[in-house]
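In my numbering, the protein residues as written are -10 to 526. Yeah, the Cβ is synthetic: ideal placement off N, Cα and C, and Gly gets one too.
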Amino acid sequence: MSSEGLASRTGAKPIRRALLSVTDKTGLVEFARELAGFGVELVSTGGTAKALREAGLAVKDISELTGFPEMLDGRVKTLHPRVHGGLLYIRGNAEHEAAVAAHGIQPIDMVVVNLYAFEKTAAQPGVAFGHLIENIDIGGPSMVRSAAKNFEDVAIVTCVADYAPLVEELKANGGALVRATRWRLARQAFALTAAYDAAIAGTLERIAEAPAPEAPAVFDEAALPSTLRINFPLAQPLRYGENPHQRAALYTDGSGLGIAGAAQLQGKELSFNNLVDLDAAWELAQEFPSGEFDPAVVVIVKHTNPCGAATGATLLEAYQKALACDPVSAFGGVIGINREVDATAAGEIAKLFVEAIAAPGFSPQARERFAAKKNLRLVEVRAAEPRPVVKQVSGGLLLQDADTGRVTESELKVATWRPPTAGELRSLLFAWRVSKHVKSNAIVYAREGQTLGVGAGQMSRVDAARFGAMKAVLPLKGCVAASDAFFPFPDGLQAVAEAGATAVIQPGGSVRDDEVIAAADKLGIAMVFTGIRHFRH
């Protein structure tokens, strides 16, 4: 097909002049060399021009194009009518053509730009306030927006990953890009500038008062944002949501951390429900860093609630204890683990039908053991710092801090005449951490680093106590119980005692605490108050 025929059918436009100004120079030289091979004139700025010249490419400085030198430490270089006029004028518009001709403005057909790494700068410990401000890109976003607005005539390239496919298209079309590609690039560009501005606004909002330029920027991490800005790029579409009739997709914060940034090592495509359950299992496993309690922790989750959680001297022991809590519910569950999975544990886990496993790593031998389970999803996760929790309600969003509350032995208040024994205390602290990850109302029965019964999501705390006892496979006599919120009446405590618990951990704070304490004393139960609750709706 002739170039005229291609242009009329696809809106293909040739690239004759390209302006390149990038912070991330990955693949820059190779891409520029390909452009030069199509006869494209390269115009560039500062460090980008230097890198291209050192690679032996002919480059025109931006000052040659504008007739004006770069100045103010590079703050002013592309903010010029000969740059933005060359980007924004509509080709074929007689009035526009006359204006650019009168002022000697040359067309720019492609802009290759990526922006100052503002977020990386802001993340540097003790970053100077002036350095932070200096890393707010002005010229880059301006060029990006101008080029994207005039996508009918100009291609805006903001992503290194686009270099290779664009080169292939240029080869296929004789140095031209079709309209559909320019439109895709424009949409991508506006998304970039929106996210960039949101990052700047969100960061500066956390600096209550502007310090001297040389002083460190002090961020107020406690303040809630006055405007909630969410810009998460699409990571992957999902087959469907919670149910087949619901559409769904995964979006990430780009950090590569947590479940959203996990590396899938094998298995079927992750589903919406897999991801939700994996997050629940992983977050509970992270409540137990290696070296605290026992070094290994295994959590088995079903529908976001733990049906078994346990610590062990080895991963195999932890898994066997977690499975023993509720082997029926564990079938088809999701597992979270707080350390690298070894071959011995993998061999035992592989005997159970499991949907997915999240862990910091899998040994080569463990992966060999799992390889026969073709559908089993293995995800390798890098821990992320707790982030605020966002939930949607009709007409708006709710935002809250992550529930990072923990209690230590010294922070507990013994409420009864009998204090817990050392063994009971250790079991209480374990059960308390698990209860934080169980849907309210929640009661967790445990003993020696092993859950025995979990009562989750009940409308009545008494029902939660009874349901957890009913689900128990192992004997409850002599166990402990954790309640995520206070007992409003003695009946909940009495239900726990009837199940076999000898010690209880709960927040306290009920107007009837005295009645509940009296009931515990009468039953000979040791009870401690945490002063903090863990509702999970």
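Could you name the residues of the same chain whose beta carbon sits closer than 6 Å to that of residue i, not counting the 5 residues immediately before and after it, in chain order?
i, result
"Trp421", "Ala471 and Ile494"
"Phe20", "Tyr152"
"Ala252", "Glu369"
"Ser499", "Phe475 and Pro477"
"Gln439", "Ala299 and Lys310"
"Tyr78", "His85 and Val89"
"Ala404", "Ile506, Met516 and Phe518"
"Pro451", "Per the sequence presented here, residue 451 reads as Val, with Pro not at that position. Same-chain partners within the cutoff: Asp480, Gly481 and Ala484."
"Lys380", "Leu387"
"Ser135", "His73, Leu76 and Leu77"
Nearest by alpha-carbon distance to residue i: which of the options is it?
i, options, result
"Gly297", "Pro409, Ser135 and Leu463", "Leu463"
"Gly230", "Val403, Leu259 and Glu203", "Leu259"
"His523", "Arg356, Pro316, Val207 and Ala474", "Ala474"
"Ala461", "Ser244, Cys314, Trp271 and Gly350", "Cys314"
"Pro408", "Pro226, Phe221 and Ala515", "Ala515"
"Ala188", "Asp209, Asn220 and Arg173", "Asn220"
"Ala25", "Met99, Leu441 and Ala486", "Met99"
"Tyr105", "Tyr185, Trp172 and Val156", "Tyr185"
"Ala201", "His120, Ser244, Thr192 and Glu108", "His120"
"Ala249", "Ala269, Arg195 and Arg80", "Ala269"
"Ala345", "His292, Ala391, Gly301 and Thr397", "His292"
"Pro214", "Arg195, Pro222 and Ala199", "Arg195"
"Val32", "Glu43, Phe179 and Glu53", "Glu53"
"Leu367", "Val382, Ala348, Ala373 and Gly384", "Ala348"
"Gly301", "Leu41, Arg328 and Asp266", "Arg328"
Can you give me the start and stop residues for the alpha helix (DSSP H) that residue i sits inside?
i, result
"Arg218", "From DSSP, Arg218 is part of no alpha helix (DSSP H); its letter is neither H nor E."
"Thr110", "Phe107 to Ala111"
"Thr37", "Gly35 to Glu43"
"Thr192", "Arg168 to Glu194"
"Gln354", "Pro353 to Phe359"
Quick check on the burial criterion: 16 or more other C-beta atoms within 10 angstroms. Buried or exposed for residue i?
i, result
"Asp126", "buried"
"Ser10", "buried"
"Met(-10)", "Note that Met(-10) has pLDDT 47, beneath the 50 cutoff, so the model's placement of it is unreliable and no number is given."
"Ser429", "buried"
"Gly497", "buried"
"Ala211", "exposed"
"Tyr240", "exposed"
"His73", "buried"
"Gly489", "buried"
"Gln225", "exposed"
"Gly467", "exposed"
"Ala508", "buried"
"Leu386", "exposed"
"Glu400", "exposed"
"Gly520", "exposed"
"Asp13", "exposed"
Between the beta-carbon of residue i and the beta-carbon of residue j, is there less than 8 Å?
i, j, result
"Tyr434", "Ala453", "no"
"Val323", "Ala355", "no"
"Val101", "Val146", "yes"
"Val485", "Pro295", "no"
"Leu365", "Gly256", "yes"
"Ala197", "Asp209", "yes"
"Ala274", "Thr303", "no"
"Glu30", "Val156", "no"
"Pro377", "Ala391", "yes"
"Pro3", "Ala165", "yes"
"Leu418", "Gly442", "no"
"Val114", "His92", "Note that residue 114 corresponds to Pro in the displayed sequence, not to Val. For Pro114 and His92, no; Cβs fall outside 8 Å."
"Ala307", "Leu341", "no"
Can you tell me where the beta strand (DSSP E) with residue i in it begins and where it stops?
i, result
"Met448", "No beta strand (DSSP E) holds Met448; DSSP gives it neither H nor E."
"Ile346", "Val343 to Ala348"
"Asn103", "Met99 to Asn103"
"Ala435", "Ile432 to Ala435"
"Phe419", "Per DSSP, Phe419 belongs to no beta strand (DSSP E); it is in the alpha helix (DSSP H), Ala411 to Ser424."
"Leu401", "Leu401 -> no beta strand (DSSP E), and no H or E assigned at all."
"Leu387", "Gly385 to Gln389"
"Pro226", "Leu223 to Pro226"
"Glu369", "Arg366 to Glu369"
Less than 7 Å between C-beta atoms, sequence neighbours within five positions excluded: which residues of the same chain meet that for residue i?
i, result
"Thr393", "Pro375"
"Glu413", "Val469, Thr491, Ala492 and Ala515"
"Leu305", "Thr333, Ala334 and Glu337"
"Gln235", "Tyr229"
"Val116", "Thr110, Pro205 and Ala206"
"Gly513", "Arg407"
"Phe456", "Gly444 and Gln447"
"Lys362", "Ala339"
Spatial neighbours of residue i within its chain, please: C-beta separation below 8 Å, excluding the five flanking residues on both sides.
i, result
"Leu174", "Ala137, Phe140, Ala144, Ile145, Val146, Thr147 and Asp151"
"Glu504", "Phe478 and Pro479"
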